[in-house]
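Asks: Okay, so the sequence shown: first residue is 11 according to our numbering, each after it adds one.
For every residue, glycine included, the Cβ atom is placed at its ideal position computed from N, Cα and C.
As the structure is a prediction and not an experimental result, all values here were calculated from the model.
I am attaching a structure below and will ask some questions about it afterwards.
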Amino acid sequence: MAGFECDFPSITSSGPLNLSNYPVDALPGEHDGDSSLPGDTFGAVLQYLNQMLMGEDLEQRPCMYQELSALQAAEKSFYDALTGVEIIKVADEKEKERDNFTNGSARKRNHYRQDDEHVEAGRATKQFASYAEEPTEIFDEVLLSSSSNAGSWDLSYCDAKPGRWNNQQIGLTQEPKRGRPRASEKKLTIREVVDMRSLLTQCAQSISDFDNRTANQLLNQIRQHSSPHGDGNERLAHYFADALEARVSGMGTTMYTAFSTRVSAADTLKAYQAYILASPFRKMSNILTGKSILKLTTEASQIHIIDFGILYGFHWPCFIQALSKRPGGPPKLSITGIDLPQPGLRPAERVEETGRRLAHYCKKFNVPFEYHAIARKWETISLEELKIDRSETVIATCLYRLRNVPDETSVTSSARDTVLHLIKKINPDLFVHGILNGTYNAPFFVTRFREALHHFSSLFDMFDKTLPRQDQDRLVFEKEVLGRQSINVIACEGTARIERPETYKQWQARNERAGFRQIPLNKDIVKEVRAKVKLQYHKDFLVDEDGKWILQGWKGRVIYALSYWKPAHE
């Protein structure tokens with residue numbers, strides 16, 4: 011089966027990709043395999059991205075996703091304020107201000123020290139030791155029991171790396187000795203354990219108990235042993251400390267929305283490229299989605315794709331190239347791009363821009379194309395707005411974005427279920443559903459914090475094994491994407507907390523309740539994905555199956571899952 015991949019040219023901070031050596035018809039990976047399906051390349055995604063960086067003024071614009079999600083969080087937070095919902099209880103204001111003033115000065119001193127410390131050898135005290143769970147309320151114990159063995163820390167990869175330590179190694183500090191030492195006697199040292207995971211969890215527990223003084227003391231300890239430039243563990247601790255600090259100050263929503271204006275869309279897209287270089291998750295999703303649609307639409311003369319959460323449309327260039335090579339000529343392709351409205355007088359502007367980019371790409375490959383943009387809250391869209399022609403082959407897709415649609419834990423009526431019911435009314439020939447597999451949507455803060463610690467530790471560890479520490483795009487992605495998400499999970503509450511993932515088994519039950527039946531995976535496509543991940547990526551990436559779900563993850567932790575559905579007709 012032909013692949014959706016190519017060698018990845020790099021995007022550097024100095025400018026867009028140089029793909030002059032990768033002509034459209036000769037990109038690596040285009041003709042591998044023996045499938046009768048049209049060939050395609052994942053290099054199409056990089057070409058598409060390069061055209062955006064070269065042809066558009068993205069340096070002065072915020073990232074589309076960050077802008078939309080910031081508006082969503084701020085709008086929901088305003089609703090909560092109007093209805094009198096108190097999200098985060100804050101201790102006595104005078105005591106909080108005094109603590110913040112005192113500890114703020116200490117934090118500044120720690121930040122100055124970190125820049126010098128992280129380049130010195132012997133960062134031995136700055137590591138995560140094994141996690142010992144603190145006793146907590148019965149709800150936390152029950153909700154954590156299903157994943158207590160997940161998210162384990164395996165740092166054996168670091169054994170031979172200078173300045174990095176495994177779980178058996180701990181920091182060295184000198185201890186003064188009494189009396190005069192012998193000339194041949196070496197200095198005696200002791201080893202100090204810094205259990206960062208325990209410190210982070212204790213800090214979260216203190217915040218939950220409204221003990222801000224203890225929380226600030228613990229934050230100071232964490233700051234001394236964390237850095238955005240250190241190893242994966244230190245970076246995780248740094249950004250989680252930021253999130254905990256935001257929760258203590260009651261500024262979670264403000265900090266989360268402020269991210270949307272800090273970094274340009276160009277810098278964010280370059281950081282996104284570092285992410286797709288480091289992991290197979292998006293590339294394999296493109297293969298699974300594109301090839302499944304190609305198999306279904308082999309004889310179709312008109313294809314209508316309804317994409318919930320289209321953003322920049324990165325997942326369609328590969329598919330468009332494949333359609334252009336179909337024997338007998340390409341079919342007519344219609345895409346309805348759905349996303350949230352942007353602020354201002356032109357709420358659909360960014361979604362329409364995605365349509366213009368895709369139209370230009372289709373013209374380049376002679377694929378007849380039609381685009382319809384919808385910028386609305388997804389749960390408010392009606393069936394009539396989708397302009398469905400029953401002579402078309404209709405495909406509905408939603409890749410990793412339904413986690414941001416409110417569920418029953420944040421609003422009375424689940425918008426998430428409303429969207430699924432709309433997709434069922436569409437009656438698609440195929441519904442491709444990709445989800446972020448997460449357990450950090452618990453209503454109890456400490457439980458949610460612990461589960462987030464497991465999840466994000468896998469992502470930071472993944473980057474540590476696959477990208478250099480000094481990679482600037484990695485730094486931007488960790489700060490502007492992972493750091494931002496952790497602030498929303500940890501420091502935001504109510505409807506301002508839009509990061510609300512579910513496990514694939516929870517989505518299984520939700521989709522079935524909405525009236526869908528699951529379609530078996532294509533074994534050939536799954537086999538191809540397994541082979542590519544094994545051949546091209548780090549050995550700790552996983553591809554597995556459970557039921558009719560294909561799972562992707564890192565070191566045994568499932569991070570993404572994808573499956574195919576059709577309405578179940580009674």
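(1) Extract the residue ranges of the beta strand (DSSP E) inside the stretch 390 to 474, only unbroken runs of 3 or more that lie entirely within it.
(2) Counting only the same chain and skipping the five closest in sequence on each side, list residues whose C-beta sits under 6 angstroms from that of residue 214.
(3) Using CA atoms only, rank isn't needed, just tell me which of 294, 280, 506, 390 is closest to residue 427.
(4) Would residue 320 and residue 344 be called neighbours here (beta carbons separated by less than 8 angstroms)?
(5) Which one of 446, 504, 350 has the shortest CA to CA distance from residue 517?
(6) Under the three-state reduction of DSSP, which class applies to residue 247: helix, strand or coil?
(7) Specify the secondary structure class of residue 346 as computed by DSSP and reduced to three states.
(8) Rounded to whole angstroms, how far is the Cβ of residue 463 from the Cβ of residue 229, which I believe are closer than 8 angstroms?
(9) If you check the beta carbons only, do residue 406 and residue 441 fall under 8 angstroms apart?
(10) How would you label residue 503, buried or exposed, when you count the other beta carbons within 10 angstroms and need 16 or more for buried?
(11) Going by C-alpha distance, which of 535, 510, 259, 468 is nearest residue 244?
(12) Which ranges does the alpha helix (DSSP H) cover as unbroken runs of at least 4 residues, wholly within the stretch 282 to 353, from first to last along the chain?
(13) Residue 382 to residue 349, Cα distance in whole Å?
(14) Just to confirm my understanding: we take residue 284, look at its own chain, exclude 5 residues before and 5 after, and list those with CB closer than 7 angstroms. What are they?
(15) On the criterion of 16 or more Cβ atoms from any shown chain inside 10 Å, does residue 253 qualify as buried, or is it exposed?
(16) Kindly confirm or deny that the stretch 256 to 265 and the stretch 533 to 546 touch, where touching means at least three C-beta pairs closer than 8 angstroms.
(17) For residue 334, which residues in the same chain have their Cβ closer than 7 angstroms to its Cβ, ignoring the five residues on either side in sequence?
(18) Going by beta carbon distance, what residues of the same chain come within less than 7 angstroms of residue 577, once the five residues before and after it are set aside?
(19) Along the chain, where does the alpha helix (DSSP H) containing residue 365 start, and where does it finish?
(20) In the DSSP assignment, the beta strand (DSSP E) including residue 568 goes from what residue to what residue?
(21) At which residues does the alpha helix (DSSP H) containing residue 380 begin and terminate?
(22) Using only CA atoms, which one of 490, 424, 494, 450 lies nearest to residue 520?
(23) Sorted by chain position, which residues of the same chain lie with C-beta nearer than 8 angstroms to residue 563's C-beta, five sequence neighbours on each side aside?
(24) Beta-carbon within less than 7 angstroms of residue 246's beta-carbon, same chain only, minus the 5 sequence neighbours each way: which residues are those?
(25) Helix, strand or coil for residue 221, going by three-state DSSP, please let me know.
(26) Taking residue 535 and residue 315 to be in contact with their CB atoms under 8 angstroms, please state how far apart those CB atoms are, rounded to whole angstroms.
(27) Measure the C-alpha to C-alpha separation of residue 530 and residue 302 and round it to an integer number of angstroms.
(28) CA-CA distance, residue 411 and residue 512?
(29) For residue 362, collect the residues of the same chain with a Cβ closer than 7 angstroms to its Cβ; drop the 5 residues on either side in sequence, then sort them by chain order.
(30) Please say whether residue 413 and residue 509 have beta carbons closer to each other than 8 angstroms?
(31) Based on the DSSP secondary-structure assignment, which residues constitute the bridge partners of residue 6?
(32) Mind checking which residues open and close the beta strand (DSSP E) that includes residue 529?
(33) Per DSSP, which residues does residue 556 bridge with? Please list them.
Replies: Well, looking at it:
(1) 403 to 409, 440 to 446
(2) Counting from one through the sequence shown, the residue named residue 214 turns up at place 204. These residues qualify, in order along the chain: 456, 459.
(3) Position 417 of the sequence shown, counted from the first residue, corresponds to residue 427. Closest option to residue 427, Cα to Cα, is 390.
(4) Numbered from its first residue, the sequence shown carries residue 320 at position 310. Numbered from its first residue, the sequence shown carries residue 344 at position 334. Cβ atoms of residue 320 and residue 344: not closer than 8 angstroms.
(5) Here residue 517 refers to the residue found at position 507 of the sequence shown. When each option's Cα is compared against that of residue 517, the closest is 446.
(6) As a first step, residue 247 is located in the sequence shown; it is residue number 237 there, counting from the start. Helix at residue 247.
(7) Position 336 of the sequence shown, counted from the start, is the residue given in the question as residue 346. It is a strand residue.
(8) Numbered from its first residue, the sequence shown carries residue 463 at position 453. Numbered from its first residue, the sequence shown carries residue 229 at position 219. Residue 463 to residue 229, Cβ: 15 angstroms. No contact.
(9) By one-based count along the sequence shown, residue 406 stands at place 396. By one-based count along the sequence shown, residue 441 stands at place 431. Yes, Cβ-Cβ distance for residue 406 and residue 441 is below 8 angstroms.
(10) Stepping through the sequence shown from its first residue, residue 503 is reached at position 493. Buried, by the Cβ-count rule.
(11) Position 234 of the sequence shown, counted from the first residue, corresponds to residue 244. Checking every option, the nearest Cα to that of residue 244 belongs to 468.
(12) 291 to 306, 327 to 334
(13) Within the sequence shown, the letter at position 372 stands for residue 382. Within the sequence shown, the letter at position 339 stands for residue 349. Cα-Cα distance, rounded: 12 angstroms.
(14) Numbered from its first residue, the sequence shown carries residue 284 at position 274. Once the five neighbours on either side are set aside, the close Cβ partners of residue 284 are 477, 481, 483, 484, 487.
(15) As a first step, residue 253 must be located in the sequence shown, where it is residue number 243. When all chains shown are included, residue 253 counts as buried.
(16) no
(17) On the sequence shown, position 324 is the one that residue 334 refers to. Excluding positions up to five away in sequence, the list reads 340, 375, 376, 377.
(18) Counting from 1 along the sequence shown, the entry for residue 577 is found at position 567. These residues qualify, in order along the chain: 434, 437, 525, 526.
(19) On the sequence shown, residue 365 is found 355 positions in, with the first residue counted as 1. It spans 359 to 374 - the alpha helix (DSSP H) in which residue 365 sits, taken as one unbroken run.
(20) Within the sequence shown, residue 568 is the residue found at index 558, counting from 1. Counting along the chain, the beta strand (DSSP E) containing residue 568 begins and ends at 567 to 577.
(21) Sequence index remark: in the sequence shown, residue 380 carries index 370 (1-based). Premise fails: residue 380 lies in the beta strand (DSSP E), 379 to 385, not in any alpha helix (DSSP H).
(22) Within the sequence shown, residue 520 is the residue found at index 510, counting from 1. The shortest Cα separation from residue 520 among 490, 424, 494, 450 belongs to 424.
(23) In the sequence shown, residue 563 corresponds to position 553, counting from 1. Once the five neighbours on either side are set aside, the close Cβ partners of residue 563 are 447, 468, 551, 552, 554, 569, 570.
(24) Stepping through the sequence shown from its first residue, residue 246 is reached at position 236. Only 466, 467, 470 meet the Cβ criterion.
(25) Indexing the sequence shown from 1 puts residue 221 at position 211. Note: residue 221 maps to coil in three-state DSSP.
(26) Position 525 of the sequence shown, counted from the start, is the residue given in the question as residue 535. Position 305 of the sequence shown, counted from the start, is the residue given in the question as residue 315. About 18 angstroms separates the two Cβ atoms, so there is no contact after all.
(27) Mapped onto the sequence shown, residue 530 falls at position 520. Mapped onto the sequence shown, residue 302 falls at position 292. For residue 530 and residue 302, the distance between alpha carbons rounds to 11 angstroms.
(28) Residue numbering aside, residue 411 sits at position 401 when the sequence shown is read from its first letter. Residue numbering aside, residue 512 sits at position 502 when the sequence shown is read from its first letter. Their Cα atoms are separated by approximately 11 angstroms.
(29) The residue given as residue 362 occupies position 352 in the sequence shown. For residue 362, where only same-chain residues beyond five positions count, the Cβ hits under 7 angstroms are 383.
(30) As a working note, residue 509 is residue 499 in the sequence shown. As a working note, residue 413 is residue 403 in the sequence shown. Yes, the pair counts as a contact, with Cβ atoms nearer than the cut-off.
(31) The chain is shown only over 11 to 580; residue 6 falls outside these bounds and no answer can be derived.
(32) Locating residue 529 in the sequence shown gives position 519, counting from the first residue. Element bounds for residue 529: 526 to 529.
(33) Position 546 of the sequence shown, counted from the first residue, corresponds to residue 556. Answer is 559, bridged to residue 556.
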